[in-house]
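Its first residue numbered 1, the sequence shown is counted upward by one per residue in UniProt numbering.
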Amino acid sequence: MPYPDDVEWLLTPGERGNGQTRLDDGHQGRAWSEGNLVRPLIHGATYFAELYQRIEATGAGDSIVFTDWQGDPDEQLTGEPSSEVMAVLGRAAARGVDVRGLVWHSHIAAVTDAEGDNAEFGARLRAHGVEAWLDMRVRNRGSHHQKLIVLRHRDDPTRDVAFVGGIDLCHSRRDDATHAGDPQSYEMAAEYGATPPWHDVQAEISGPAVHDVETVFRERWEDPAPLNGSPRRWWGLRRSSSPSATGPTPSPLPAQRPPPPPVPGGTHVVQLLRTYPKLPSSRDYPFARGGERSVARGYAKAIEHARRLVYVEDQYLWGHHVAQMFTTALERNPDLHLIGVVPLFTDLEGVLGRLPQLEGRRRAMRDLLRKFPDRVAIYGLENHAGVPVYVHAKACIVDDTWATIGSDNFNRRSWTHDSELSAVVIDRDGEFGRHLRLTLAAEHLDREWGDRDDAMADCLEPADMFATFAASAARLDTWWHGGQTGPRPEGRLRRIESPELGLLTRAVASVPYALLHDPDGRPRRLRRADDF
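Okay, structure coming up:
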């Protein structure tokens, strides 16, 4: 595959739309770095095992920084009690590693004084010598959804590594390819059982892009706004300038080390995409005045260049903005296909949980499936016991050329309202996107690939993979609908159609959908223009 022109696929600094960030300062007029090596870590168990080994190998003078949407101090990285997150990070701190973290703090938890999981996570990490703080500097009803970890090594920068993706340091994430679930699990919708199967992806990054991921953390850490956004003041519940109202002040960071050197043979170009919302001027991010929406802009630019196949794995896939972006690309390119892999069922139940999520899904899927029935297909996953697999991955591959792994979902919340971080990879050798697509496809088809093209011959070409997925799902759907007669067919794919919701149901679901599930964090001028 000929290597594409960088600017054709990637955002320029101007297209990022954020003149305050220093993220691109060292890139000589570009908004990406070269000479990297990125490895996709599929499944939480794979990621946690790698993370455990990397942290255990740190020593005095090294540093670890992380951000999390949700954390559990007792989550075991390898299944052993000694691998609990708080113990692993605590041992690193005891060895002289500078360990710091920012974990999202919910407004609701602050107002009600509820001691949620994240509060316990931060407190127990601090008790183990880790400087970990709750961060509420988000929009009302918003969250810090970025999931990153950066390890820098004082004496050997070639060992520096960053992890970016969809996996938090919390319960339910340590699952593997069998999808039996994490023994330490959260309760979800009844369809997922006692230990919900969980499908996820994280990117391991080596090379100069590690410095960029660290810069994302540093910009947030050095934000002078109070960590506690003090919702009591906004809602008239309390007016106070005490530390309990504004939160602690993080200690100053040491000077940032230079970027690690390019990886020998590293052929991966990496661009970081982010979302930050528009905040009131008194609390606006100094590194993103008016917000940053490079996630949405990055997708728009890449999909504009799609010609053969867009492959998406996503937790949500909601809303008319998503539908319109794909519709435009499909109308312009008659050979283009779209495959989506999403959860079979919502994670929440009830009127305020399931119905709004189904409405978001309906808005994205209905017209796509009606207009392009032979070129758009959406699937869910199940394990071999027939239990649905919760798809939490946030990955997208366009024409095997542009690939992203991150924290953002295909919905308005992720593109405008919460903080998000994704890593885009373009491989000068043209292999990364193809390899990631075929690796994911092999699992969903129950194939032992092992990098052997003959095992995936019917998926090498995008149009062939579209047909192969459809046939596999049809066999499994027929087996279920026929009473499970005979052996279960190979594969894990189940076809998903657009939800059918009546007018009244849609009206009821639309309010919590817009206010709670998929809110809009854009400035008014962009809302009026319906642009990002």
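In this text, a Cβ means the ideal position worked out from N, Cα and C, and glycines have one as well.
Whole-number beta carbon distance between residue j and residue i, since they are thought to touch under 8 Å
i           : j           : result
residue 291 : residue 523 : 7 Å
residue 143 : residue 275 : In fact, because the Cβ distance is near 11 Å, the residues do not count as touching under 8 Å.
residue 197 : residue 341 : Actually they do not touch by this definition, with Cβ atoms about 14 Å apart.
residue 319 : residue 262 : Going by Cβ atoms, the distance from residue 319 to residue 262 rounds to 39 Å, so no, they are not a contact pair.
residue 209 : residue 21  : About 15 Å separates the two Cβ atoms, so there is no contact after all.
residue 419 : residue 11  : Residue 419 to residue 11, Cβ: 18 Å. No contact.
residue 65  : residue 217 : 5 Å
residue 37  : residue 268 : 6 Å
residue 451 : residue 460 : With a Cβ gap of about 12 Å, residue 451 and residue 460 do not count as contacting.
Distance between residue j and residue i (C-alpha atoms, nearest Å)
i           : j           : result
residue 277 : residue 146 : 13 Å
residue 220 : residue 370 : 43 Å
residue 494 : residue 86  : 38 Å
residue 189 : residue 47  : 25 Å
residue 538 : residue 401 : Here the chain covers residues 1 to 532 and nothing more, so residue 538 does not appear.
residue 525 : residue 532 : 10 Å
residue 360 : residue 326 : 15 Å
residue 541 : residue 211 : The structure shown does not extend to residue 541, since the chain is modelled only from 1 through 532, so no value can be given for it.
residue 175 : residue 392 : 12 Å
residue 498 : residue 365 : 5 Å
residue 230 : residue 15  : Its pLDDT being 47, under 50, residue 230 is placed unreliably by the model, and nothing is read from it.
residue 521 : residue 484 : 47 Å
residue 563 : residue 177 : Residue 563 is absent from the structure shown; the chain starts at 1 and stops at 532.
residue 408 : residue 304 : 19 Å
residue 29  : residue 23  : 11 Å
residue 472 : residue 213 : 39 Å
residue 511 : residue 316 : 18 Å
residue 128 : residue 120 : 12 Å
residue 534 : residue 67  : Residue numbering for the chain in the displayed model covers 1 to 532; residue 534 lies beyond these limits and cannot be assessed.
residue 302 : residue 39  : 21 Å
residue 466 : residue 374 : 9 Å
residue 535 : residue 504 : An answer regarding residue 535 cannot be provided, because it is not within the stretch 1 to 532 covered by the chain.
residue 464 : residue 306 : 17 Å
residue 8   : residue 83  : 44 Å
residue 157 : residue 260 : 5 Å
residue 416 : residue 280 : 14 Å
residue 238 : residue 284 : Low confidence applies here, because residue 238 scores a pLDDT of 41, under 50, leaving its location unreliable and the question unanswered by this model.
residue 195 : residue 187 : 8 Å
residue 18  : residue 25  : 12 Å
residue 201 : residue 45  : 10 Å
residue 148 : residue 165 : 7 Å
Residue i versus the options, residue with shortest Cα-Cα distance
i           : options               : result
residue 180 : 419, 477 and 385      : 385
residue 339 : 507, 368, 351 and 358 : 368
residue 475 : 460, 464, 492 and 459 : 492
residue 500 : 65, 438, 347 and 363  : 363
residue 282 : 139, 157, 271 and 19  : 139
residue 298 : 191, 39, 19 and 424   : 424
residue 329 : 315, 308, 419 and 510 : 308
residue 130 : 99, 258, 351 and 396  : 99
residue 41  : 162, 127, 264 and 224 : 162
residue 403 : 382, 439 and 434      : 434
residue 184 : 336, 79, 462 and 505  : 79
residue 399 : 336, 421 and 377      : 336
residue 133 : 322, 105 and 470      : 105
residue 53  : 151, 135, 348 and 7   : 151
residue 34  : 266, 193, 136 and 97  : 266
residue 69  : 444, 118 and 36       : 118
residue 97  : 107, 154, 123 and 137 : 154
residue 192 : 456, 430, 354 and 347 : 347
Buried versus exposed call for residue i [16 or more other C-beta atoms within 10 Å across all chains shown]
i           : result
residue 515 : exposed
residue 43  : buried
residue 63  : buried
residue 90  : buried
residue 32  : buried
residue 517 : buried
residue 480 : exposed
residue 76  : buried
residue 256 : exposed
residue 488 : exposed
residue 446 : exposed
residue 351 : exposed
residue 490 : exposed
residue 314 : buried
residue 507 : exposed
Residue i: CB within 6 Å of a non-hydrogen atom of the ligand ATP
i           : result
residue 311 : In the structure on display, the ligand ATP does not appear, and there are no ligands present to speak of.
Q) Which runs of the beta strand (DSSP E), 3 residues or longer, sit entirely within the region 11-48? A) Complete beta strand (DSSP E) runs here, min 3: 33-42.
Q: Pick out the complete alpha helix (DSSP H) segments inside the region 404-463, 4 residues or longer, and give them in chain order.
A: 432-444, all fully within the region 404-463.
**Q.** Contiguous beta strand (DSSP E) assignments of at least 3 residues, all confined to the region 55-99
**A.** Taken in chain order, the complete beta strand (DSSP E) segments of 3 residues or longer contained in the region 55-99 are 63-68.
Q | Ordered list of alpha helix (DSSP H) runs contained in the region 180-236, each at least 4 residues | A | Runs found: 209-221 and 231-234.
Q. Can you list, in chain order, the stretches of the alpha helix (DSSP H) that have 4 or more residues and sit fully within the region 296-366?
A. Listed in chain order, the complete alpha helix (DSSP H) runs (minimum 4 residues) inside the region 296-366 are 320-332.
Q) Counting only runs that start and end within the region 108-184, where is the alpha helix (DSSP H) found for 4 or more residues in a row? A) Fully enclosed alpha helix (DSSP H) runs of 4 or longer: 117-127.
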